[in-house]
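Input: a single structure, listed below in structure tokens.
Numbering (the working numbering), first residue to last: 182 to 545.
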């Protein structure tokens with residue numbers, strides 16, 4: 182295949198990479214690494230993914246690679262790959278992550294499970310195919326296509342690949358602050374998120390932040406028989422349910438005023454009016470009455486905050502007994518928009534709980 186040194190030539194190289202099966206082979210190899218960052222013993226596998234798969238691929242393109250251990254002593258490592266063509270050129274910093282959430286091998290209903298890619302029509306199944314191994318594999322291949330086509334990029338390129346995004350990006354802020362010059366760039370492109378619709382390429386000029394925390398009610402040691410003690414001792418699950426109900430309304434409206442962003446500027450509202458969120462086949466249907474009243478789906482996602490209970494447990498739901506559990510716990514998250522006082526999220530929550538009679542609810 183004869184390809185000239187043109188933009189079209191680079192595009193044709195990228196298409197050939199996809200059409201000849203190389204993309205699927207590379208992705209399958211990377212999906213096979215069980216990079217579950219939420220598992221405490223995942224460290225060796227997280228390093229192995231970078232050492233065996235990602236670093237060699239960058240070095241083959243002429244990038245210089247540097248790996249940073251997590252400064253917090255726990256959490257995944259970080260990789261910086263850089264190709265400096267000329268100090269006078271602008272620098273673009275790309276982002277991706279090589280870790281994934283739990284494989285949940287016994288819960289897969291499509292494909293061949295978590296660690297083996299499988300095609301079903303136009304879809305590829307496997308843990309990380311979209312989030313985020315597929316995304317950074319595509320970005321690396323696109324970079325390789327341009328270099329192969331014309332011998333250079335025409336700008337300086339840096340890539341940050343972290344290995345703990347799914348576990349809260351522990352240590353990311355610290356490693357960036359300690360190595361500002363290493364990661365400095367003129368443009369940052371974080372390739373880790375959905376499209377507005379499957380057929381629409383999406384460029385998002387920012388993302389909501391996240392504050393994750395546990396709400397814990399731990400009242401006593403051991404469970405007590407509900408026939409003897411029901412109505413006499415406090416039920417942690419009931420207390421926790423009411424505490425959560427004081428935070429968020431029955432249709433998802435946030436009740437803590439200090440958690441809300443400033444009003445959306447009219448110019449932003451005008452832009453958002455033209456955006457339609459269509460997740461495509463297999464995605465959940467949008468609930469129009471959920472969230473802040475009077476807002477369009479796009480406004481709720483791109484200009485407002487949202488609260489969610491990501492996990493919740495009391496007792497043993499898989500095998501319940503007639504006993505009042507001594508504890509209840511919920512893992513919660515606030516997604517927040519620009520302008521929210523991030524430093525006040527947890528202090529405001531503590532004050533809200535205390536003011537509403539939930540002093541026994543701990544924040545973890």
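Ideal placement from N, C-alpha and C gives every residue a C-beta, glycine not left out.
Are residue i and residue j closer than 8 Å when you measure CB to CB?
i           : j           : result
residue 298 : residue 356 : no
residue 264 : residue 338 : yes
residue 275 : residue 350 : no
residue 391 : residue 514 : yes
residue 492 : residue 458 : no
residue 507 : residue 403 : yes
residue 344 : residue 230 : yes
residue 511 : residue 421 : yes
residue 484 : residue 433 : no
residue 251 : residue 352 : yes
residue 260 : residue 236 : yes
residue 323 : residue 195 : yes
residue 444 : residue 517 : no
residue 291 : residue 301 : yes
residue 330 : residue 238 : no
residue 454 : residue 477 : yes
residue 405 : residue 414 : yes
residue 437 : residue 530 : yes
residue 296 : residue 308 : yes
residue 234 : residue 210 : yes
residue 519 : residue 387 : yes
residue 543 : residue 399 : yes
Is it right to say residue i is buried, meaning 16 or more other beta carbons lie within 10 angstroms of its own, or is it exposed?
i           : result
residue 502 : exposed
residue 218 : buried
residue 474 : exposed
residue 431 : exposed
residue 342 : buried
residue 258 : buried
residue 280 : buried
residue 215 : buried
residue 419 : exposed
residue 327 : buried
residue 346 : buried
residue 500 : exposed
residue 199 : exposed
residue 268 : exposed
residue 314 : buried
residue 365 : exposed
residue 369 : exposed
residue 187 : exposed
residue 383 : exposed
residue 440 : buried
residue 183 : At residue 183, the pLDDT of 44 sits below 50, so the modelled position is not reliable; the number obtained from the coordinates is stated separately. Exposed is the call here.
residue 245 : exposed
residue 526 : buried
residue 411 : exposed
residue 332 : exposed
residue 509 : buried
Apart from the five residues on each side of it in sequence, which residues of its chain come closer than 8 Å, Cβ to Cβ, to residue i?
i           : result
residue 540 : 534
residue 336 : 266, 270, 271, 272, 273
residue 427 : 436, 533, 534, 537, 539
residue 318 : 204, 207, 208, 211
residue 320 : 275, 277, 340, 372
residue 334 : 264, 266, 324, 327, 328
Give me, in chain order, the residues of the same chain whose beta-carbon lies closer than 7 Å to that of residue i; leave out the 5 immediate sequence neighbours on both sides.
i           : result
residue 545 : 394, 395, 397
residue 228 : 258
residue 416 : 505
residue 316 : 277, 372, 373
residue 449 : 484
residue 389 : 516, 517, 518
Note down, in chain order, each residue of its chain lying with its Cβ closer than 6 Å to the Cβ of residue i, except the 5 sequence neighbours on either side.
i           : result
residue 528 : none
residue 255 : none
residue 467 : 478
residue 243 : 264
Just list the residues that DSSP pairs residue i with in beta bridges.
i           : result
residue 378 : 381
residue 278 : 343
residue 392 : 515
residue 371 : 276
residue 397 : 510, 543
residue 301 : 304
residue 435 : 429
residue 337 : 272
Chain C beta carbons: is any one of them nearer than 8 Å to that of residue i?
i           : result
residue 529 : Annotation note: the requested chain C is absent from the structure, which comprises a single protein chain.
At 3 residues or longer, what runs of the beta strand (DSSP E) sit wholly inside the stretch 479-538? 487-494, 508-517
Just list the beta strand (DSSP E) runs in the stretch 191-271, keeping only unbroken ones of 3 residues or longer that don't cross its boundaries, in chain order. 245-249, 259-264
Unbroken alpha helix (DSSP H) runs of length 4 or more, entirely within the stretch 403-428: which are they? 407-410, 417-428
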